[in-house]
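Counting with mature numbering (1 follows the signal peptide of the UniProt record, and there is no 0), you get residues -18 to -1, 1 to 358 for the letters of the sequence shown.
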Amino acid sequence: MRICFCLCTCFGIKSVWGDTDPFLLSHAVGINYGRLADNLPPPSKAVELMKSINAGYVEIYDANPEVLKALANSSLPEVPGMASSTTTSDQWLRTNLLPYYPLTKISIIMVGNEILSNTQLQPYLVPAMQNMHTSLQKLNLDSSVKVTTSVAMDALSSSYPPSNGSFRPELAMSVIQPMLSFLSATDSYFFLDVYPFFAWNSDPANISLDYVLFGEITADVVQDGILSYSIMLDAQLDAAIAAMATLGYGEVKVVISETGWPTNGDSSGATVANAASYNTRLVSKFLSNSGSPRRPQTFFPTFIFALFNEGQKPGATIERNWGLFYADGTPVYDIDLSAGVIKTLEAWHRRRRLFLVNLFGRSFCAQPICFYYLFF
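Encoded structure:
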């Protein structure tokens, strides 16, 4: 099976960032841009839609030549090959990074999308990340280009109360601990996919909708020692951070790489009103730098899933209705991903933009190559 590579890149920047956190360069929430639908607008129109909602960065899952012509025909290394030797990662960087660097400023390479859900790939993940980092060291790029991966909440065996958060025993010491050690040593990010909707949908009788929709007043307040939780996303986020701390790495930076709310499907909670409430309040919360009870006054970079409803996605109806826009570009509901910070198109051009592109793959499987783009 193959592995996913995500690169955080920026165009048009003349100077070297050094230790600057790329996510702090754009004060807005990001968006996931999937293309599994008929009659989607062209990428140029999609970018206009992103501008209209003031998205700070975007995750793109296909290799449309209009999106990234230079890498449209890139080949993809196999997981075992990347894990066993730096030869593959050396060659991949020579082919896919060096021709565009430093004009294209690469900041993050993400190896794998929820690879921990695949038991066959688990043993190869951290060695592959380490080898990619070693290849970057050979090029003297390791200080400016970070390596990471994304992890789903199903990697946890316990999340309640949040302080009791722990990773699954079969993953904790064999995969997660060495991964966190690597992320800490290289000052990289722990990418976490968090979906409170699914937790609520599995037990709506005992979890109030207000608790998952960032309600101002809720009967569901989880008291965890001296910390109180009135928002499920905070509880899930802190459960993961507690699990990281149990392994000795509670200080590693966290990015919410996917979250969102569906607008239609086989659930009473999948409505436009609920999705608008969740995502609007999400933006306001995280752009206020309020953090979480365990990490107060902390900025958590966040991606909302998704830009478009994707009618070609398999599975239940709910899987095809997470978008902020219909396939024809019509808004499902109004939202500003900068929470009003960015008011004009001129302000858009003054701000840097971060884009994630996943080439040749799909969002629900082990994916090929992904890129983060950061523009002025």
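Note that beta-carbon positions come from the ideal geometry of N, C-alpha and C, so glycine has one too.
Mark serine 26 as exposed unless 16 or more other C-beta atoms lie within 10 angstroms of its C-beta, in which case mark it buried. For the purposes of this step, residue 26 is taken as the residue at position 44 of the sequence shown. Serine 26 comes out exposed.
Thinking glycine 38 and glycine 12 are a contact (beta carbons under 8 Å), I'd like their distance in whole angstroms, please. Position 56 of the sequence shown, counted from the start, is the residue given in the question as residue 38. Position 30 of the sequence shown, counted from the start, is the residue given in the question as residue 12. About 5 Å separates the two Cβ atoms, so the contact holds.
Using the C-alpha atoms, what's the distance from proline 313 back to residue 360? Nothing can be reported for residue 360: it is not among the residues displayed for the chain, which extend from -18 to 358.
At the level of alpha carbons, what is the spacing between threonine 241 and alanine 227? The residue labelled residue 241 in the question sits at position 259 within the sequence shown. The residue labelled residue 227 in the question sits at position 245 within the sequence shown. Their backbone Cα atoms lie some 23 Å apart in a straight line.
Reducing DSSP to helix, strand and coil, say where alanine 37 ends up. As a working mapping, residue 37 is identified with position 55 in the sequence shown. Correct three-state label for alanine 37: coil.
Is the CB of leucine 306 under 8 Å away from at least one CB in chain C? Judged by its chain identifiers, the structure shown contains no chain C, having just a single protein chain.
Going by C-alpha to C-alpha distance, which of Ser125, Ala288 and Pro105 sits closest to proline 160? Taking the first residue of the sequence shown as position 1, residue 160 is located at position 178. With distances taken between Cα atoms, proline 160 lies closest to Pro105.
Runs of 4 residues minimum, wholly inside the segment 209 to 276: which ones carry the alpha helix (DSSP H) assignment? 214 to 228 and 254 to 269
Coarse secondary structure for glutamine 102, derived from DSSP in three states: By 1-based counting over the sequence shown, the position of residue 102 is 120. The answer is coil: DSSP assigns glutamine 102 none of H, G, I, E or B.
Continuous alpha helix (DSSP H) assignments of at least 4 residues falling wholly in the segment 120 to 204: 159 to 167, 178 to 184 and 191 to 194
Using 8 Å as the Cβ pair cut-off and three pairs as the minimum, do the segment 255 to 273 and the segment 288 to 299 touch? no
Separation of aspartate 310 from proline 244, as counted between CA atoms: Locating residue 244 in the sequence shown gives position 262, counting from the first residue. Locating residue 310 in the sequence shown gives position 328, counting from the first residue. Each residue's alpha carbon lies about 18 Å from the other.
Span of the beta strand (DSSP E), counted from its first residue to its last, around isoleucine 13: Taking the first residue of the sequence shown as position 1, residue 13 is located at position 31. 12 to 15 is the extent of the beta strand (DSSP E) around isoleucine 13.
When you compare only the Cα positions, how much space is there between leucine 269 and serine 320? For the purposes of this step, residue 269 is identified with residue 287 of the sequence shown, where counting begins at 1. For the purposes of this step, residue 320 is identified with residue 338 of the sequence shown, where counting begins at 1. Going by the C-alpha atoms only, they are around 8 Å apart.
Does the segment 182 to 190 come into contact with the segment 96 to 105, if we say contact requires no fewer than three beta-carbon pairs (one atom in each stretch) closer than 8 Å? no
Classify isoleucine 286 as helix, strand or coil using the three-state DSSP reduction. What you label residue 286 is simply residue 304 of the sequence shown in a count that begins at 1. DSSP places isoleucine 286 in strand when its eight states are reduced to three.
Work out the CA separation of aspartate 220 and alanine 288 for me, nearest whole Å. As a first step, residue 288 is located in the sequence shown; it is residue number 306 there, counting from the start. As a first step, residue 220 is located in the sequence shown; it is residue number 238 there, counting from the start. Answer to the nearest angstrom: the Cα atoms are 24 Å apart.
Mapping the DSSP letters down to three states, classify proline 84 as helix, strand or coil. Indexing the sequence shown from 1 puts residue 84 at position 102. The answer is coil: DSSP assigns proline 84 none of H, G, I, E or B.
For alanine 281, collect the residues of the same chain with a Cβ closer than 6 Å to its Cβ; drop the 5 residues on either side in sequence, then sort them by chain order. The residue labelled residue 281 in the question sits at position 299 within the sequence shown. Residue identity check: residue 281 is phenylalanine in the sequence provided, not alanine. Answer for phenylalanine 281: Asn271, listed in chain order.
So what does aspartate 206 bridge to, in DSSP terms? The count along the sequence shown starts at 1 and reaches residue 206 at position 224. Answer is Leu209.
Spatially closest choice to glycine 251 from Gly297, Trp182, Glu301 and Tyr315, by CA coordinates: Your numbering for residue 251 matches position 269 in the sequence shown. Ranking Gly297, Trp182, Glu301 and Tyr315 by Cα distance to glycine 251 puts Trp182 first.
Take threonine 130 and list the residues in its own chain whose beta-carbon comes closer than 6 Å to its own, dropping the five residues that flank it on each side. Position 148 of the sequence shown, counted from the first residue, corresponds to residue 130. So the list reads Met92, Ser170, Tyr171 and Phe173, once near-sequence residues are dropped.
Can you tell me which of Asn113, Met114, Leu165 and Leu229 puts its alpha carbon nearest to the alpha carbon of leucine 153? Numbered from its first residue, the sequence shown carries residue 153 at position 171. Of the candidates Asn113, Met114, Leu165 and Leu229, the one whose C-alpha sits nearest the C-alpha of leucine 153 is Leu229.
Buried or exposed for serine 89, please, with buried defined as at least 16 other CB atoms from any protein chain shown within 10 angstroms of its CB. As a working note, residue 89 is residue 107 in the sequence shown. Under this definition serine 89 is a buried residue.
Cα-Cα separation between proline 84 and leucine 18, rounded to whole angstroms: Here residue 84 corresponds to residue number 102 of the sequence shown, with the count starting at 1. Here residue 18 corresponds to residue number 36 of the sequence shown, with the count starting at 1. The alpha-carbon atoms of proline 84 and leucine 18 are separated by roughly 32 Å.
State the beta-bridge partners of valine 108 as determined by DSSP. Position 126 of the sequence shown holds residue 108. Note: valine 108 sits in no beta bridge, so no partner.
Straight-line gap, glycine 94 to alanine 134 (C-alpha atoms, nearest Å): Position 112 of the sequence shown, counted from the first residue, corresponds to residue 94. Position 152 of the sequence shown, counted from the first residue, corresponds to residue 134. Whole-angstrom Cα-Cα distance: 12 Å.
Aspartate 248 and isoleucine 300 - do their beta-carbons sit closer together than 8 Å? As a working note, residue 300 is residue 318 in the sequence shown. As a working note, residue 248 is residue 266 in the sequence shown. Going by C-beta atoms, isoleucine 300 is nearer than 8 Å to aspartate 248.
Does DSSP classify isoleucine 91 as helix, strand or coil? Here residue 91 refers to the residue found at position 109 when the sequence shown is read from its first residue. Isoleucine 91: strand per DSSP, three-state reduction.
Alpha-carbon spacing of lysine 267 relative to aspartate 318, whole angstroms: Locating residue 267 in the sequence shown gives position 285, where the first residue counts as 1. Locating residue 318 in the sequence shown gives position 336, where the first residue counts as 1. Whole-angstrom Cα-Cα distance: 13 Å.
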